[in-house]
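Trainee: My questions will all concern the structure given below.
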Amino acid sequence: MLRPSAYVCQTCRSQWSRNHSTARKGGLQGLRSKLQPKSSNALHELPKTPARTRFAPSPTGYLHLGSLRTALYNWLLARATGGQFIIRIEDTDQTRIVDDALPRLISDLKWAELDWDEGPDIGGPYGPYTQSQRLHHYTQHAEQLLESGHAYRCFCSPEDLEKHKQQTLDGGNLVNYPGTCRSIPPDQAARRASSGESHVVRFRSEGRPSFTDAVYGHYQKNEDESDFILMKTDGFPTYHFANVVDDHLMKITHVIRGVEWLISTPKHIALYDAFKWTPPTFAHAGLLCGPNGEKLSKRNRTIDIDIATYRDKGVLPSALNNWLALLGWSPSSKGAKGDIFPTMEEMTKKFCLKFTKGNAQTNPEKIPIIQRAHQSHLLCDPCTPDSRLEDIMVKPLLGNIDAVKRRRGCSITSDEASTLECLVPDLDVTPENKARVSHLLCLLRTLASDPKETAIDPAALLSSHPTLFFRPVLQSDAPFVSTFAQTAGATELAQELTSSIDALAKEGNWTPEAVQKALGGVLSTKPQELRTLGYTWLRFTLTGDAEAPAKPAKLHLAVLGPEEALLRLRRAEALLS
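According to UniProt numbering, the sequence shown is numbered sequentially starting from 1.
Now the structure itself:
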């Protein structure tokens, strides 16, 4: 069942609870009284004209999964229709602002590769884009509603309102404003306000506004709207009022937001009607919840919700966006790789307003799968700049390598580190030497070229396969060495393998396929037992451990390069003499 989030106002929360209590009692019929009928396919289609969308975060916290998904959907709609995407900062609740939230929000959105056409940092034709700098707009439009009779000044004290609230709750009724100040003559209310008497401005609600949501279809609440507040005693607008005024003045055509705002939308429709404005198209997407259906929160540690966590773990922005987009959205058609969209452009081409009804369960176990596909695309795409690969893949890998070199703060154990002799020559240079970067780019691209390869994540590659980067210690007294040396034909096999790789190195055709062909040319002529022993010999040669998990020999040799590959083969061969 849909539930409101923690930041929905108390009145809306009460209405939500009552609506769904009725729905539970009446079963499906109870729900149909509010959502009827099902939305048609036409509602899912993109508009024929450019859409102006916005993402309007409050600087009361940091960017989390739910808010990034909302921003992403609005960005995709704008880009898919050739429209504009706007960032607007909703900071009317001054008491809850977190000092560094705004710069973090901007930084995280940029990291997520969501660009915008207008916003607080770049300006635009409908600025300013921070609500605390737009108070004159709200005051002016509140005056318009007062003059037209759609709003009135309310002088009720907080104590009186609290008393009414308790009495209403004790009676088991829905808390609504009782309309105490509705009948005060406007001129009298204006005089009281001019004299400095504390007051708010309330909307004079009438009836039960309805609208058609692009996801849920026709929506109308069972109860009449209460007279909600437009302007607070401090001169700041409420969320609902500022939201409507700004969306109109900024010419927003489409609003995609979380379903927790569905019950608030009739308020917004009432305001649009009062101003005689055309409302935007609304599309409410289901909330994100945990793998077991639980609400996502900072206290619930089943899944991290802070975007910074994924950035620090090395998750690619495009991979995170791909994963998030699929949580509650169905593409208009599958991409070339199913639900994998390696680029934002490809996702944009498939975007539509087909969101699932109800909450969307997160599946973090799919992130590594999507991440792998995006990494492979970046590494195999000739259009990917080396500088981008260096930033997102090489630098994290170099950091891990340097940590192992220092033998502290690294991802492998001290026992594992003791089996490593030294860095491969191309990495054992000064940090300023570009040879390190070139070597690692070649290594990563070689791994990505193998469709069966699954471990190219910089965060895991070094810990799972350290001998791709460090030369292993070879133990001459290792049991495998004596076993191999005593096997008939084994020493000759080792020599033949070295010779075949030496010949390939001289040809200059150093690819995984060429390496495999060279090795196969030797091993395919041997009996099965000797052939199996030959592959074990290669594993020992490359990793220092005949039983260690390792990359296929063709990949391992290919990424090491001809010089390092030959050196390891000859070092191991020397143990047999």
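C-beta: ideal position from N, C-alpha, C; glycine also.
My parser needs the beta strand (DSSP E) runs of 3 or more residues fully inside the region 463-512; what are they?
Mentor: Here the runs fully enclosed are 470-472.
Trainee: Just tell me which of Arg-69, Leu-271, Ala-435 and Leu-63 has its CA closest to the CA of Ile-256.
Mentor: Translated into the one-based positions of the sequence shown, residue 256 becomes position 256. Of the candidates Arg-69, Leu-271, Ala-435 and Leu-63, the one whose C-alpha sits nearest the C-alpha of Ile-256 is Arg-69.
Trainee: So, does the region 66-82 touch the region 98-117, judging by three or more C-beta pairs under 8 Å?
Mentor: Contact holds: three or more Cβ-Cβ distances are below 8 Å.
Trainee: Report all residues from its chain with a CB closer than 8 Å to the CB of residue 578; omit the five preceding and five following residues, and keep chain order.
Mentor: The question about residue 578 has no answer, for the chain in this structure spans 1 to 577.
Trainee: Apart from the five residues on each side of it in sequence, which residues of its chain come closer than 6 Å, Cβ to Cβ, to Leu-102?
Mentor: On the sequence shown, residue 102 is found 102 positions in, with the first residue counted as 1. Counting only Cβ-Cβ distances below 6 Å, and skipping sequence neighbours, we find Pro-59.
Trainee: Helix, strand or coil: how does DSSP classify Glu-118 here?
Mentor: Within the sequence shown, numbered from 1, the residue matching residue 118 stands at position 118. The answer is strand: DSSP assigns Glu-118 an E or B state.
Trainee: Is there at least one Cβ from chain B nearer than 8 Å to His-199's Cβ?
Mentor: This model lacks chain B altogether, as it is built from one protein chain only.
Trainee: Report the rounded CA-to-CA distance for Arg-153 versus Tyr-177, giving the unit in angstroms.
Mentor: For the purposes of this step, residue 153 is taken as residue 153 along the sequence shown, with counting starting at 1. For the purposes of this step, residue 177 is taken as residue 177 along the sequence shown, with counting starting at 1. Approximately 13 Å between the Cα atoms of the pair.
Trainee: Have a look at Asn-74, Ile-340, Lys-165 and Tyr-272 and flag the residue whose alpha-carbon is nearest the alpha-carbon of Phe-355.
Mentor: Position 355 of the sequence shown, counted from the first residue, corresponds to residue 355. When only C-alpha atoms are compared, the closest one is Asn-74.
Trainee: Could you pull the start and end residues of the beta strand (DSSP E) that Gln-84 belongs to?
Mentor: Counted from its first residue, the sequence shown places residue 84 at position 84. It spans 84-87 - the beta strand (DSSP E) in which Gln-84 sits, taken as one unbroken run.
Trainee: Bridge partners of Met-231, per DSSP?
Mentor: On the sequence shown, residue 231 is found 231 positions in, with the first residue counted as 1. Answer is Val-201 and Pro-237.
Trainee: When DSSP builds the beta bridges, which residues end up paired with residue 578?
Mentor: Given a span of 1 to 577 for the chain in the structure shown, any question on residue 578 remains unanswerable.
Trainee: Starting from the C-beta of Lys-554, find all residues in its chain whose C-beta is less than 7 Å away, skip the five residues before and the five after it, and write them out in chain order.
Mentor: Here residue 554 refers to the residue found at position 554 when the sequence shown is read from its first residue. For Lys-554, where only same-chain residues beyond five positions count, the Cβ hits under 7 Å are Pro-512, Val-515, Gln-516 and Leu-519.
Trainee: Is it a yes or a no for the region 315-322 touching the region 339-351, going by three-plus beta-carbon pairs under 8 Å?
Mentor: Counting Cβ pairs under 8 Å, three or more are found: they touch.
Trainee: What is the rounded straight-line gap between the Cα of Thr-309 and the Cα of Ser-198?
Mentor: Translated into the one-based positions of the sequence shown, residue 309 becomes position 309. Translated into the one-based positions of the sequence shown, residue 198 becomes position 198. Distance between the alpha carbons of Thr-309 and Ser-198 is about 45 Å.
Trainee: Measuring only the C-alpha atoms, how far is Ala-490 from Thr-525?
Mentor: Here residue 490 is taken as the residue at index 490 of the sequence shown, counted from 1. Here residue 525 is taken as the residue at index 525 of the sequence shown, counted from 1. C-alpha separation (whole angstroms): 13 Å.
Trainee: Check each candidate in Asp-246, Asp-187, Leu-271 and Ile-252 and name the one with the smallest Cα separation from Phe-228.
Mentor: Along the sequence shown, read from residue 1 onward, the residue named residue 228 stands at position 228. The shortest C-alpha separation from Phe-228 is found at Leu-271.
Trainee: Taking the C-alpha atoms as reference points, what is the distance between Ile-392 and Arg-436?
Mentor: For the purposes of this step, residue 392 is taken as residue 392 along the sequence shown, with counting starting at 1. For the purposes of this step, residue 436 is taken as residue 436 along the sequence shown, with counting starting at 1. Their backbone Cα atoms lie some 15 Å apart in a straight line.
Trainee: So for Lys-350, helix, strand or coil by DSSP?
Mentor: Position 350 of the sequence shown, counted from the start, is the residue given in the question as residue 350. In the structure shown, Lys-350 sits in coil (DSSP, three-state: anything other than H, G, I, E or B).
Trainee: Going by the beta-carbon positions, is the gap between Arg-204 and Gly-286 smaller than 8 Å?
Mentor: Mapped onto the sequence shown, residue 204 falls at position 204. Mapped onto the sequence shown, residue 286 falls at position 286. Against a cut-off of 8 Å, the Cβ pair of Gly-286 and Arg-204 comes out as no contact.
Trainee: Please determine whether the Cβ atom of Val-473 lies at a distance below 7 Å from any heavy atom of the ligand SAM.
Mentor: The ligand SAM is not part of the structure shown, which contains no ligands of any sort.
Trainee: So what does DSSP say about Phe-55, is it helix, strand or coil?
Mentor: Within the sequence shown, residue 55 is the residue found at index 55, counting from 1. Strand at Phe-55.
Trainee: Report the residue from Leu-174, Gln-131 and Arg-182 whose alpha carbon sits nearest the alpha carbon of Pro-237.
Mentor: For this step, residue 237 is matched to residue 237 along the sequence shown. Ranking Leu-174, Gln-131 and Arg-182 by Cα distance to Pro-237 puts Gln-131 first.
Trainee: Is DSSP giving Leu-146 helix, strand or coil here?
Mentor: On the sequence shown, residue 146 is found 146 positions in, with the first residue counted as 1. Leu-146: helix per DSSP, three-state reduction.
Trainee: Is it right to say Asn-509 is buried, meaning 16 or more other beta carbons lie within 10 angstroms of its own, or is it exposed?
Mentor: The residue given as residue 509 occupies position 509 in the sequence shown. With fewer than 16 other Cβ atoms within 10 Å, it is exposed.
Trainee: My guess is that Ile-370 and Leu-63 are in contact by the Cβ rule of under 8 Å, so how many angstroms apart are they, rounded?
Mentor: Residue mapping note: residue 370 aligns to position 370 of the sequence shown, counting from 1. Residue mapping note: residue 63 aligns to position 63 of the sequence shown, counting from 1. Incorrect: roughly 19 Å between the Cβ atoms, too far for contact.
Trainee: Is the beta carbon of Thr-95 closer than 8 Å to that of Tyr-239?
Mentor: The residue you call residue 239 lines up with position 239 of the sequence shown. The residue you call residue 95 lines up with position 95 of the sequence shown. Going by C-beta atoms, Tyr-239 is not nearer than 8 Å to Thr-95.
Trainee: If we ignore side chains and look at the alpha-carbon of each, how far apart do Gly-544 and Ala-488 end up?
Mentor: Reading the sequence shown from its first residue, position 544 is the one you call residue 544. Reading the sequence shown from its first residue, position 488 is the one you call residue 488. Those two C-alpha atoms are separated by around 22 Å.
Trainee: Going by the CB atoms, is the gap between Ile-401 and Leu-462 shorter than 8 Å?
Mentor: Here the question's residue 462 lines up with position 462 in the sequence shown. Here the question's residue 401 lines up with position 401 in the sequence shown. Contact: yes.
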